[in-house]
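Novice:
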Ligand code: HEM
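Numbering (our numbering), first residue to last: 251 to 652.
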């Protein structure tokens with residue numbers, strides 16, 4: 251018996267040692283590649299490690315993102331390297347990860363010139379080869395322009411405003427009839443139905459349900475919704491704002507553009523939700539030429555991971571960063587030029603759907619708060635891997651308010 255245990259220990263130790271050797275060999279290889287370039291071009295790559303073969307540092311990243319301290323992965327490396335720009339290996343690709351908001355702004359502003367969008371294979375599969383994020387140059391500019399026109403303020407004001415309200419009313423009425431709904435999936439479905447109606451003129455049907463199911467299964471992503479609405483102070487603030495609008499309109503009448511524009515506190519709640527629970531955690535760019543910034547040089551062809559969500563959760567920039575505090579935005583309503591808060595990216599690929607997303611969230615909140623009350627059916631907690639989502643899908647029951 252003792253022999254067997256010793257044998258097991260030897261085998262196990264050998265396996266660990268072998269793994270360690272492979273690890274060292276792998277890092278030495280990447281190190282050599284760096285040295286080679288260093289000789290020829292005086293390259294000074296940011297500090298860092300590419301971790302284990304194949305998985306790189308994805309496991310450490312996963313551990314941090316699925317914990318209640320999602321910034322841990324970045325914090326650890328910032329301390330270790332004394333730099334918020336470092337080399338890592340995530341989602342199957344070696345990359346320079348940046349949590350430096352100035353550098354991130356520079357990367358996004360130079361899209362098409364010094365950098366171009368390039369997502370790791372695993373994430374690219376989500377977007378499709380012809381997705382806008384996978385095309386470059388003239389085609390990207392053309393398609394981006396079309397998307398901006400399709401989602402222009404004019405269209406939001408006159409088409410989407412009515413359509414969103416109709417869809418939210420009918421969907422929420424259906425939820426009341428059900429004993430239990432999973433809010434996360436239902437919200438995916440609703441947003442997808444809206445896009446199918448607006449862009450493809452498809453009404454909610456088996457086909458749109460099927461598209462949604464595929465989408466949800468595939469991405470497991472969500473637009474996070476603040477989950478502690480009942481009883482919290484900001485819930486009262488929200489309720490007050492929406493009750494005032496309801497009273498001014500004399501009941502449940504269709505909201506107009508000016509009603510939407512008057513929802514100042516709601517926009518603060520939306521900003522805070524996007525800061526803490528944005529599904530877009532990072533953007534990926536490939537360098538088109540050697541990039542020299544400060545004392546670092548990133549060689550041509552490297553991928554830069556613009557970690558905007560790390561800035562959103564950084565104590566240096568947002569006091570008590572993990573606390574949901576919508577009032578922090580009260581004096582900072584115009585966030586379009588705030589490089590410490592960029593949930594919709596920036597530069598030539600700035601999200602063309604940002605205003606639509608805000609409109610959908612605001613109208614949804616208005617109808618949800620003024621017409622219904624709800625009961626959460628289980629404890630819930632968010633997780634950030636691979637993208638933010640609520641672990642149990644937020645099971646809840648919805649009731650008419652009157
Ligand atoms: C909360 C909701 C949303 C968030 C947080 C978000 C975030 C983003 C971000 C960060 C980017 C830039 C990606 C990059 O630079 O690599 C982006 C691009 C894009 N978004 Fe959104 N988005 C949202 C909603 C929408 C909606 C509702 C639509 C359309 C209906 C949309 C359409 C697009 C498109 C087409 C691009 C690619 C633009 C280009 O590459 O030129 N987004 N989005």
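All C-beta atoms in this analysis are idealised placements derived from N, C-alpha and C, irrespective of residue type, glycine included. Just so you know, these numbers come straight off a predicted model, no measurement behind them.
Does any heavy atom of the ligand HEM sit closer than 8 Å to the C-beta of residue 351?
Specialist: Because no heavy atom of the ligand HEM lies under 8 Å away, the Cβ of residue 351 does not count as near it: no.
Novice: State yes or no: is the C-beta of residue 393 nearer than 8 Å to some heavy atom of the ligand HEM?
Specialist: Checking every heavy atom of the ligand HEM against the Cβ of residue 393, one is found closer than 8 Å.
Novice: Return the CA-CA distance between residue 493 and residue 504, expressed in angstroms with no decimal places.
Specialist: Between residue 493 and residue 504, the C-alpha separation is close to 14 Å.
Novice: If you measure from the CB of residue 600, is any heavy atom of the ligand HEM nearer than 8 Å?
Specialist: Because some heavy atom of the ligand HEM lies under 8 Å away, the Cβ of residue 600 counts as near it: yes.
Novice: Is the distance from the Cβ of residue 484 to the Cβ of residue 575 below 9 Å?
Specialist: Yes; because the gap between Cβ atoms is below 9 Å, this pair is in contact.
Novice: Measure how close the beta-carbons of residue 370 and residue 534 come, nearest whole angstrom, since I'm counting them as under 8 Å.
Specialist: Yes, residue 370 and residue 534 are in contact; Cβ-Cβ is about 7 Å, under 8 Å.
Novice: Mind checking which residues open and close the alpha helix (DSSP H) that includes residue 536?
Specialist: Element bounds for residue 536: not the alpha helix (DSSP H) but the beta strand (DSSP E), 533-537.
Novice: Please classify residue 324 as buried or exposed, where buried requires at least 16 neighbouring CB atoms within 10 angstroms.
Specialist: Looking at its Cβ environment, which holds 16 or more other Cβ atoms inside 10 Å, residue 324 is buried.
Novice: Return the chain-ordered list of same chain residues with a C-beta closer than 8 Å to the C-beta of residue 436, the five sequence neighbours on each side being excluded.
Specialist: Once the five neighbours on either side are set aside, the close Cβ partners of residue 436 are 421, 425.
Novice: Within the same chain, show all residues whose beta-carbon is closer than 7 Å to that of residue 596, passing over the 5 residues directly before and after it, in chain order.
Specialist: Correct list, in chain order: 355, 358, 359.
Novice: In three-state terms, what does DSSP make of residue 368?
Specialist: Coil at residue 368, not helix or strand.
Novice: Just to confirm, are residue 335 and residue 546 a CB contact at a threshold of 9 Å?
Specialist: Cβ atoms of residue 335 and residue 546: closer than 9 Å.
Novice: How big is the Cα-Cα spacing for residue 643 and residue 628?
Specialist: Between residue 643 and residue 628, the C-alpha separation is close to 10 Å.
Novice: Does the count of Cβ pairs from the region 556-563 and the region 318-333 closer than 8 Å reach three?
Specialist: Segments in contact, yes.
Novice: Is it the case that the Cβ atoms of residue 434 and residue 599 are separated by a distance below 9 Å?
Specialist: No. Outside cutoff.
Novice: According to DSSP, is residue 596 helix, strand or coil?
Specialist: If DSSP states are grouped into helix, strand and coil, residue 596 belongs with coil.
Novice: Identify the residues that DSSP records as bridge partners of residue 498: which are they?
Specialist: According to DSSP, which records beta bridges pairwise, residue 498 is partnered with nothing at all.
Novice: At which residue ranges does the region 575-635 contain complete beta strand (DSSP E) runs of 3 or more residues, listed in the order of the chain?
Specialist: If we require 3 residues or more, the beta strand (DSSP E) runs fully inside the region 575-635 come out as 622-626.
Novice: Please list the terminal residues of the continuous alpha helix (DSSP H) segment that includes residue 514.
Specialist: First-last of the alpha helix (DSSP H) with residue 514: 514-527.
Novice: Mind checking who residue 541 pairs with in its DSSP beta bridge?
Specialist: DSSP, once it has assigned bridges, lists 548 as partnering residue 541.
Novice: What do you reckon, is the C-beta of residue 591 under 8 Å from a heavy atom of the ligand HEM?
Specialist: No, since every heavy atom of the ligand HEM falls outside the 8 Å radius drawn around the Cβ of residue 591.
Novice: If you draw a straight line from the C-alpha of residue 393 to the C-alpha of residue 608, how long is it?
Specialist: Taking the straight line joining both Cα atoms gives about 22 Å.
Novice: I want to check one thing, is the minimum distance from the CB of residue 585 to the heavy atoms of the ligand HEM below 8 Å?
Specialist: Incorrect: residue 585 has no Cβ contact closer than 8 Å to the ligand HEM.
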